[in-house]
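Notes follow once the structure below has been shown.
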Amino acid sequence: MMMPLSRAEALKGLERGVEVLVIGGGITGAGVALDAASRGYRVGLVERADYSGGTSSRSTKLVHGGIRYLPQGHLALVREGLRERGRLLRLAPHLVHPLSFVVPLYAGLRRPLGVRIPSLLRSFAPLGIRMGLAAYDMFARDPRLRHRTMSRAQVERDVPDLNPNGLRGALVYYDARADDVRLTHAVLATARACGAVTCNYAALTALLREGGRVTGAAVEDRLTGSSFEVSARFVVNATGIWGEQVAALDPKPEFRIRHSKGAHLVLRPGAVAHKEAIVIPETDDGRLAFIVPWAGRHVLGTTDDAYDGDLSSPLVSGGDVDYLLDHANRYLRRPLGKGDVTAAFAGIRPLVAAASGPTSVMGRDHHVAVSPGGLISIVGGKLTGYRAMAEDTVDAITARDGSRRQCRTASLPLTGAAGLEQARTALSASGLAADQQTHLLESYGAQCLDLLALMRADQALASRLVPGIAVTAAEVVYACRAEQAVTLADCMFLRTRLAVLDTEAAEDAVAAVASLMAGELGWDAAETHRQRQTYEARRDRERAYLG
Ligand SMILES: Cc1cc2nc3c(=O)[nH]c(=O)nc-3n(C[C@H](O)[C@H](O)[C@H](O)COP(=O)(O)OP(=O)(O)OC[C@H]3O[C@@H](n4cnc5c(N)ncnc54)[C@H](O)[C@@H]3O)c2cc1C
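At position 109 of the sequence shown (counting the first as 1) the number is 1106 in my numbering, and the numbers step up by one without a gap.
Structure representation (structure tokens):
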């Protein structure tokens, strides 16, 4: 197994100082670390909690141009999203997969895809949507992924979930899906392979300054409480929804971040029969929503509401559940009920503030801001655009540096992408069930060979943590040894995703996960108990939507 630096070694590496210090270990910070390291900078990254524990684990899992931004006229944003989608399909074929979306066309749709259509023109709505999808295809320039139409009879046959009443037919367009947490880890692993040093549970607490210029950061090791200084020529603030707070350390940021909450429901396997994505074509608040396949289930999302609560633990409310089920049920033949919901999660969008108006009509564009002291903040954006955001950020560094180091990430495959054929062969000889093989390949790519090696050394690690869910015990060991997993709650929510796939079923795995982690990290009984209590408190908080 390729062993990256341990957390302790990473901390020592940071103390020696770096050229570029990235604050934030979500997809944006990971992308910046990769871009800078691959241009030859000495890079360090600190993450206050666990990697991808912020918004980067709470997305709808789409790698997309953003179909809903088309009618809003955000063409440049859509084009950039589609270009990045194309790159990610090439550079991370194990993680990013094409996905078809059925847009059902019903008589009397008033605001399909968020466009308000006057009653006289409603019969032209399908034509309008087709024109939009033709533009989407043109921007994407991928002949494999062109939209098509479906007759009513085809929809009834191929997408039996849709309510036939008033159904006229459907349009099918393509985007892509990816597990956000695994994508973040793949980008971090690639950054480390380029020499970056990354450390979780390490929080920036203050900026260091000399003569008004930012020269590094004071960092707290949150596992021990000790603090140390990291000197850096450039400090990048990639803290997403916390971006304005961190930018305020070098006073008065020139941007504001507005927060908007999006809730998702995870549905039990089989609740939706269609294997691909279904678009909920209109919502009362003028948007659209999606039913998207994820980890053998479907996710229904999302809401879009201004948010001023606790940034570190956004919760799904009972009202969110009602809203999502109500809107989905307007289009489904078999209504979904609360019994179909196995888990729920919410995230907060980091929107660069416009002057006023509801957050759902604000652009998802990103913005690079450099403070007078030299703190570089990258804010806004989407998961899909992380690479382009990172390129713009590191371009701001090279511009200040006067260096000509060119961006390399547009053609740099992510860790796990090379050697997929060999990995497939090894998986098919492994004796693992088909769903486990797919899960391992789509989560780790060729690195699944490392997990297979763990299973060969200890056969018990090949077993599922929960019946019916593809996650294996080996993944917990791998997370501790190769990816700095340090808490039980992180392993349950982020590393295995069990607690966000099925909160009840996850209960059956807690003892096994805790025991594996105790073995890896040397926890005694008291520490294991403390970890379980922390996990249970978070689990109970996150289940508040059950009322
Ligand atoms: C509901 C919802 C659905 C979405 N769906 C999609 C989608 O389908 N496709 C898509 O492309 N995009 C989607 N997005 C957008 C996408 O998820 C985000 O743009 C992206 O994940 C933001 O990543 P980030 O790294 O900027 O922020 P985060 O992932 O939040 O990372 C910021 C990190 O900074 C850390 N941090 C904060 N303060 C400090 C400090 N002082 N020291 C050290 N670390 C610190 C935090 O702990 C956090 O981990 C969605 C967003 C939401 C909310």
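Just so you know, even glycine gets a beta-carbon here, dropped at the ideal spot from N, CA and C.
Discussion item. With H, G and I counted as helix, E and B as strand and the rest as coil, what does DSSP make of Trp-1239?
Written reply: helix
Worksheet item: With 16 as the cutoff for other CB atoms within 10 Å, does Arg-1397 come out buried or exposed?
Response: exposed
Practice prompt. Measure the Cβ-Cβ separation of Ala-1341 and Val-1263 and say whether it is below 8 Å.
Written response: yes
Worksheet item: For the segment 1275-1286 against the segment 1221-1230, are there 3 or more C-beta pairs whose distance is under 8 Å?
Response: no
Item to complete: Give the range of the alpha helix (DSSP H) segment to which Lys-1009 is assigned.
Response: 1004-1012
Practice prompt. Check whether the Cβ of Leu-1201 sits closer than 7 Å to any heavy atom of ligand 1, and report yes or no.
Written response: yes
Worksheet item: Taking one C-beta from the segment 1140-1153 and one from the segment 1163-1178 each time, how about it: are there three or more such pairs within less than 8 Å?
Response: yes
Worksheet item: So, using beta-carbon positions, are Glu-1081 and Ala-1385 closer together than 8 Å?
Response: yes
Worksheet item: Who does Ala-1046 pair with in a DSSP beta bridge?
Response: DSSP, once it has assigned bridges, lists no residue as partnering Ala-1046.
Practice prompt. With DSSP collapsed to three states, give me the class of Arg-1540.
Written response: DSSP places Arg-1540 in coil when its eight states are reduced to three.
Worksheet item: When burial is assigned at 16 or more other CB atoms within 10 Å of the CB, is Thr-1422 buried or exposed?
Response: exposed
Item to complete: Note down the Cα distance separating Ala-1073 from Ala-1005, rounded to an integer number of angstroms.
Response: 43 Å
Worksheet item: Using the beta-carbon count (16 or more within 10 Å), is His-1526 buried or exposed?
Response: His-1526 comes out exposed.
Fill in: DSSP three-state assignment for His-1324, whether helix, strand or coil
helix
Worksheet item: Based on Cα-Cα distance, which residue from His-1182, Thr-1390, Pro-1250 lies nearest to Arg-1036?
Response: Thr-1390
Worksheet item: With contact counted as at least three CB pairs below 8 Å, one residue from each stretch, are the segment 1490-1504 and the segment 1329-1341 in contact?
Response: yes
Item to complete: Go through the segment 1229-1306 residue by residue and report every complete run of the alpha helix (DSSP H) that reaches 4 residues or more, in order.
Response: 1240-1244
Item to complete: Look up Glu-1226 in the DSSP assignment and say whether it is helix, strand or coil.
Response: strand
Worksheet entry | Burial state of Thr-1187 (16 or more Cβ within 10 Å) | buried
Worksheet item: Would DSSP call Met-1359 helix, strand or coil?
Response: Confidence at Met-1359 is low in this model, with a pLDDT of 49, below 50, so the placement of that residue should be treated as unreliable; the coordinate-derived value is given next. Coil, per DSSP.
Worksheet item: So who's on the other strand from Ser-1097, going by DSSP bridges?
Response: Under the DSSP definition of a beta bridge, Ser-1097 partners with Tyr-1171.
Discussion item. Suppose you measure from the CA of Glu-1077 to the CA of Lys-1249; what does that come to, to the nearest Å?
Written reply: One C-alpha to the other measures close to 30 Å.
Worksheet entry | Same chain only: Cβ atoms within 7 Å of Val-1358, ignoring 5 sequence neighbours per side | A caution first: Val-1358 carries a pLDDT of 47, below 50, which makes its placement in the model unreliable, though a value can still be read off. Answer for Val-1358: Gln-1069, listed in chain order.
Worksheet item: So, Ala-1454 versus Ala-1420, is the Cβ gap smaller than 8 Å?
Response: no
Discussion item. Can you give me the C-alpha to C-alpha distance between Ala-1352 and Ala-1303, rounded to a whole angstrom?
Written reply: The predicted position of Ala-1352 is uncertain, since its pLDDT is 38 and thus under 50; a value taken from the coordinates is nonetheless stated next. Approximately 14 Å, taken between the alpha carbons.
Worksheet item: Whose CA, out of Pro-1090, Gln-1433, Leu-1308, lies closest to the CA of Pro-1464?
Response: Gln-1433
Item to complete: For Arg-1255, verify whether its CB is less than 7 Å away from any heavy atom of ligand 1.
Response: Checking the Cβ of Arg-1255 against ligand 1 gives no.
Item to complete: Could you work out which residue in Arg-1127, Ser-1053, Leu-1088, Ala-1033 is closest to Ile-1555 when comparing CA atoms only?
Response: As displayed, the chain neither begins before 998 nor continues past 1544, which places residue 1555 out of reach and without an answer.
Practice prompt. Below 8 Å on the Cβ atoms is my guess for Asp-1158 versus Gly-1062; work out the distance and round it to an integer in Å.
Written response: In fact, because the Cβ distance is near 25 Å, the residues do not count as touching under 8 Å.
Worksheet item: Under 7 Å from any heavy atom of ligand 1, does the C-beta of Glu-1186 make it?
Response: According to the sequence provided, residue 1186 is Ala. The question's Glu does not apply to it. Because no heavy atom of ligand 1 lies under 7 Å away, the Cβ of Ala-1186 does not count as near it: no.
Item to complete: Classify Ala-1352 as helix, strand or coil using the three-state DSSP reduction.
Response: Annotation note: pLDDT 38 at Ala-1352 (below 50); position unreliable, coordinate value reported separately. It is coil, neither helix nor strand.
Worksheet entry | Pairwise C-alpha distance: Leu-1102 and Ala-1508 | 48 Å
Item to complete: Determine contact between the segment 1038-1058 and the segment 1194-1201, defined as no fewer than three beta-carbon pairs at a distance below 8 Å.
Response: yes
Worksheet item: Does at least one heavy atom of ligand 1 sit under 7 Å from the Cβ of Ala-1341?
Response: no
Worksheet item: How would you call Pro-1001, buried or exposed, if buried means at least 16 neighbouring beta carbons within 10 angstroms?
Response: Buried is the call here.
Item to complete: Would you grab the beta carbon distance between Val-1216 and Leu-1011 for me? Rounded to a whole angstrom, and I think it's under 8 Å.
Response: The beta-carbon distance between Val-1216 and Leu-1011, rounded to whole angstroms, is 7 Å. This is short enough to meet the 8 Å contact definition.
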